[in-house]
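In the UniProt record's numbering, the protein residues as written are 1 to 176.
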């Protein structure tokens, strides 16, 4: 006589598969965020250090923008409002004291952009930001010209008067 044995239920039921999948997804997300935080932590701490140094040097009550500029040296430019409600820019470099310039004593980025677009109407402006060139505060304009292989340029204008200092042209193509 033949015995008919009952088949035992599978170990991995639908509920267990869902639980294992959810746990694996949660583990992946957790590892990704830990990795992301670990990679970004030096940048975040540099930003907070620049913000703290600028707030201490210029008595800022509000920070509006923080720019990182690397040309000859690495510098941080903090734009904010001081205790007297003046808009100020603070240049922070590794080896010098912070330099504070009121926005009223300088040319605005809008006026630099307007004069730039008037002189080069076919240029596509990618970025305008304050910077530091040869130890002097400047406005940096990064732009491109051309439809085919675009040519990219950097133009530097004095921060206080908006006069052109220099133009750097990047090569359209580079070879290995």
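Quick reminder that beta carbons are idealized off the backbone N, C-alpha and C, glycines included.
Rounded C-beta distance between residue i and residue j? I'm assuming under 8 Å.
i           : j           : result
residue 112 : residue 162 : 5 Å
residue 65  : residue 133 : Contact flag wrong, Cβ pair sits at about 19 Å.
residue 98  : residue 53  : 6 Å
residue 61  : residue 87  : No, residue 61 and residue 87 are not in contact; Cβ-Cβ is about 11 Å, not under 8 Å.
residue 130 : residue 81  : Not really, about 16 Å apart at Cβ, beyond 8 Å.
Ends of the beta strand (DSSP E) at residue i?
i           : result
residue 158 : 151 to 158
residue 128 : 124 to 133
residue 171 : Neither: residue 171 is in no beta strand (DSSP E) and is coded neither H nor E.
residue 121 : Note, residue 121: premise wrong, no beta strand (DSSP E); not H, not E.
residue 137 : 136 to 145
DSSP beta-bridge partners for residue i?
i          : result
residue 14 : Answer is none; residue 14 lacks a bridge partner.
For a quick check, are the C-beta atoms of residue i and residue j less than 8 Å apart?
i           : j           : result
residue 75  : residue 100 : no
residue 164 : residue 157 : yes
residue 123 : residue 145 : yes
residue 106 : residue 142 : no
Which runs of the beta strand (DSSP E), 3 residues or longer, sit entirely within the stretch 20 to 108? 60 to 70, 74 to 82, 87 to 93, 99 to 102
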